[in-house]
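Colleague: Under the working numbering, the first residue of the sequence shown is numbered 2, with each subsequent residue one higher.
Here it is, the structure, as structure tokens.
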Amino acid sequence: YMSELEFALYDALRKPGISVQRAGTAVVVILVRDAIMELNVAQISATGDDTLSIISKILNRYDATFIEIAGYTDAMQNKVAANALSTDMAQRVGVYFSQHGINTTRMFIVGRGATRPIAAQDDIGRLTNRRIELRIAPAR
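See the structure below:
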């Protein structure tokens, strides 16, 4: 089931700034912020709308899953602002999913600020650290 979900997401999301990977029994989708949000605001872009629409259709087909939606920022802001922005980004994705048929009981939304960077804090790395991670786990 999870392998089929992973393949469906991987096959549908071959775009810059997006990766799909396996983490144990979960499937993790990393969406670099610039791939789904407008510049300098936590608003979903037209490109992001297309991407999230694809993801929501797949998640609706694979509904025996739970989705953690985690927002992350870079370390260039103070901790309070970074946490607020990352939470806002994650909430916007969660609202989008709920408006597209995904039951909110399947979602856990969290903003993690600048914690858990996946790249250096240089100019290029900061762009990568500004992201949404979807951790999709099988329902038990």
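Every residue gets a Cβ at the ideal spot worked out from N, C-alpha and C, and that includes glycine.
Everything numeric in this text was worked out from a predicted model, so none of it was measured.
Based on the DSSP secondary-structure assignment, which residues constitute the bridge partners of Tyr73?
Modeller: DSSP, once it has assigned bridges, lists Arg132 as partnering Tyr73.
Colleague: Strictly by DSSP, which residues pair up with Gly112?
Modeller: Bridge partners of Gly112: Gly72.
Colleague: Which residue or residues does DSSP assign as beta-bridge partners of Ile19?
Modeller: Ile19 pairs with Leu32.
Colleague: Run the CB neighbour count on Asn104, radius 10 Å, all protein chains shown included, and call it buried at 16 or more, exposed below.
Modeller: By the 10 Å Cβ count, Asn104 comes out exposed.
Colleague: Return the first residue and the last residue of the alpha helix (DSSP H) that Glu5 is part of.
Modeller: Element bounds for Glu5: Met3 to Ala13.
Colleague: Over what stretch of residues does the alpha helix (DSSP H) that includes Ile103 continue unbroken?
Modeller: Unbroken run through Ile103: none, as it is neither H nor E.
Colleague: Closest to Gly25 by C-alpha separation, out of Glu7, Asp50 and Ser46, would be which residue?
Modeller: Checked all of Glu7, Asp50 and Ser46; the closest Cα to Gly25 is Glu7.
Colleague: So, under 8 Å CB-CB, Gly95 and Ile70 are touching, yes? Tell me the CB distance rounded to an integer number of Å.
Modeller: Yes, Gly95 and Ile70 are in contact; Cβ-Cβ is about 5 Å, under 8 Å.
Colleague: Beta-carbon within less than 6 Å of Arg107's beta-carbon, same chain only, minus the 5 sequence neighbours each way: which residues are those?
Modeller: Cβ neighbours of Arg107 beyond the five flanking positions: Phe67 and Ile68.
Colleague: Is it buried or exposed for Val30, if we count other Cβ within 10 angstroms and need 16 for buried?
Modeller: Buried, by the Cβ-count rule.
Colleague: Give me, in chain order, the residues of the same chain whose beta-carbon lies closer than 8 Å to that of Arg62; leave out the 5 immediate sequence neighbours on both sides.
Modeller: Only Ala9 meet the Cβ criterion.
Colleague: When the Cα atoms are used, what is the spatial distance from Phe98 to Ser57?
Modeller: Rounded to the nearest angstrom, the two C-alpha atoms are 6 Å apart.
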